[in-house]
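Heads up: the structure comes next, in structure tokens.
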Amino acid sequence: MPGFKPWEVGGFIDVNYSYNSNNPDNHVYRGTSVQPRTGEFSLNHAVAYVRRDAIPGRFSPLFEFAAQGGPAADALVAYEPNPGGANGKFAGPEVWKHLSRANIGFRSRHGTEVVVGLQLSPVGIGVHWSPYNWNYTVTWQLNSVPYYLSGLKLAQTIRDKHQVQLWVVNGWQLLADNNKAPSVMLGYTFTPSEKFNLGEYVWIGPEQADMRPRAWRLFSDTQATYNTERFGVGALFDVGADPRTDLPLSPWQMWMNGAVFTRWRVLGKLRTWDMALRPEFFWDRDGRMFGVPQTLVSAAFTNNVRLFNNLLVRLEYRYDHSTSPNGFFYRGPAIMDGGPGLGRDQHTIFFSVAGVFAHRFGGKRG
Numbered sequence: 140m141p142g143f144k145p146w147e148v149g150g151f152i153d154v155n156y157s158y159n160s161n162n163p164d165n166h167v168y169r170g171t172s173v174q175p176r177t178g179e180f181s182l183n184h185a186v187a188y189v190r191r192d193a194i195p196g197r198f199s200p201l202f203e204f205a206a207q208g209g210p211a212a213d214a215l216v217a218y219e220p221n222p223g224g225a226n227g228k229f230a231g232p233e234v235w236k237h238l239s240r241a242n243i244g245f246r247s248r249h250g251t252e253v254v255v256g257l258q259l260s261p262v263g264i265g266v267h268w269s270p271y272n273w274n275y276t277v278t279w280q281l282n283s284v285p286y287y288l289s290g291l292k293l294a295q296t297i298r299d300k301h302q303v304q305l306w307v308v309n310g311w312q313l314l315a316d317n318n319k320a321p322s323v324m325l326g327y328t329f330t331p332s333e334k335f336n337l338g339e340y341v342w343i344g345p346e347q348a349d350m351r352p353r354a355w356r357l358f359s360d361t362q363a364t365y366n367t368e369r370f371g372v373g374a375l376f377d378v379g380a381d382p383r384t385d386l387p388l389s390p391w392q393m394w395m396n397g398a399v400f401t402r403w404r405v406l407g408k409l410r411t412w413d414m415a416l417r418p419e420f421f422w423d424r425d426g427r428m429f430g431v432p433q434t435l436v437s438a439a440f441t442n443n444v445r446l447f448n449n450l451l452v453r454l455e456y457r458y459d460h461s462t463s464p465n466g467f468f469y470r471g472p473a474i475m476d477g478g479p480g481l482g483r484d485q486h487t488i489f490f491s492v493a494g495v496f497a498h499r500f501g502g503k504r505g
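Each residue of the sequence shown is one higher than the one before, starting from 140 at the first, in this note's numbering.
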């Protein structure tokens, strides 16, 4: 394709200050890895990447590497297992925390794609890199599903609009597997135009020590977005279940959630001002995702001002509510999970400044 530049180098630095109405002594926003610190100025997340995309209509190698640092990077891999416990080696958060993406593969002329390594998960709306999302903070849904997957992706594009996917991965946001068997995810996307996308992903696999099929996790993610320069709208719905064979009577632990995303342009073309509003709910019946049986209700309203191509200023108000009678959010000295004094409500104001850079290069002219 004449003029197409397959290589891109870029990155961002996200700095924020947040006010949390609960003022927790540990400064931690419980349950999220994207903005895990509150009540202070935080060098939240820094990322640098290089990527090679496929050239349309040609056999093309694919490559992606991204390094990261900051509280968001540490929080992202905080629950990475170290198989073998005290006797395990070469795995765990300290090994992986500075790797954001690292994968290699190819795409054929006929739309067959094979990629292996640490990859961005397609589940949910939004990514761990906050400058690329409509809202500054992300949904409880996104904090409950994999931000990344480690393993093999096979994809086939059909007539430019349809794509089917097969993922074989170590597990649910796991770089080191927590058992001795992989998990599988099937995906389908329908993209009739650059503006509209519909996706469905189904997860099947063992996510605990018991690897028998009766103990496999079952999960479905349905998402749709319509996005133009002036406005955008999106919606998602998830449902999942874990048969907990490690507990008496092997109960099924279930969760379900939904969210609506809206974005609209207030003014400008070069220097732009966008607003975004996002309500959501997360029903965690048995506490499988966030450790507490509850329903989380949340809403976020964000102002995004792009002063220059490389400078993004954001102001967001977010409200969270937990139906747990014992509370969920850290509050003052109450910073122990399951302890007394936890908050049921949380009001947070975020102010963020992000420097974002991207430059494309390579390819042949003419």
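Even for Gly, the Cβ is constructed at its ideal location relative to N, Cα and C.
Runs of the beta strand (DSSP E) lying entirely within the stretch 220-282, each at least 3 residues long, are 238-246, 251-259 in chain order. Between the stretch 143-159 and the stretch 491-498, the count of C-beta pairs closer than 8 angstroms reaches three or more; the two stretches touch. Distance from M395 to W422 at the Cβ level is roughly 5 angstroms; contact confirmed, criterion being Cβ atoms closer than 8 angstroms. Only residues of its own chain outside the window of five on either side were considered, and among them D423, G426, S461, T462, S463, F467 have a CB closer than 8 angstroms to the CB of Q433, listed in chain order.
Spanning the alpha carbons of M475 and T251 requires a straight line of approximately 49 angstroms. Considered as a whole, the stretch 316-398 harbours 322-329, 335-344, 356-366, 370-382 as its complete beta strand (DSSP E) runs of no fewer than 3 residues, in chain order. 9 angstroms or more divides the Cβ of Q304 from the Cβ of P285.
By the C-beta criterion, the stretch 243-259 is judged to be in contact with the stretch 187-203, since at least 3 inter-stretch pairs fall below 8 angstroms. One Cα belongs to P321, the other to G170, and the distance between them is close to 26 angstroms. For H498, the pairing in a beta bridge is given by DSSP as V148. Three or more Cβ pairs closer than 8 angstroms define a contact, and the stretch 252-263 falls short of that threshold against the stretch 435-444. Membership of D413 in the beta strand (DSSP E) is indicated by the continuous run 411-423. Annotated three-state conformation of D213 is helix, per DSSP. In this structure L375 touches G263 by the C-beta definition: roughly 7 angstroms separates them, less than 8 angstroms.
When secondary structure is reduced to three states using DSSP, K408 falls in the coil class, being assigned neither helix nor strand.
In the DSSP assignment, Q207 is bridged to V186. For H267 and G244, the gap between their C-alpha atoms comes out near 22 angstroms. Here A348 is actually not in contact with A230; their C-beta atoms are around 16 angstroms apart, not less than 8 angstroms. Leaving aside the five residues that flank Y327 on each side, the residues in its chain whose CB is nearer than 6 angstroms to its CB run, in chain order, V303, E339. The closest CA to that of M324, considering only G310, V167, R240, is found on G310. Per the coordinates, the alpha-carbon of E419 lies some 28 angstroms from the alpha-carbon of S289.
Where S289 is concerned, the enclosing beta strand (DSSP E) starts and stops at 287-297.
Taking the Cα positions, G478 is about 14 angstroms away from D164. DSSP places L313 in no beta strand (DSSP E); its state is neither H nor E. When only Cα atoms are considered, V452 and R445 end up about 6 angstroms apart.
Assignment of I488 by DSSP, reduced to helix, strand and coil, places it in the strand class. Straight-line spacing of the CA atoms in S283 and I297 works out to 31 angstroms.
Note that the C-beta distance between A217 and A205 is not below 9 angstroms.
The Cβ atoms of W273 and D484 do not sit closer than 9 angstroms to each other. Membership of A438 in the beta strand (DSSP E) is indicated by the continuous run 433-447. In the three-state reduction of the DSSP assignment, D476 falls in the coil class, being assigned neither a helical nor a strand state. Residue Y287 holds the alpha-carbon nearest to the alpha-carbon of W235 among Y287, L406, K408.
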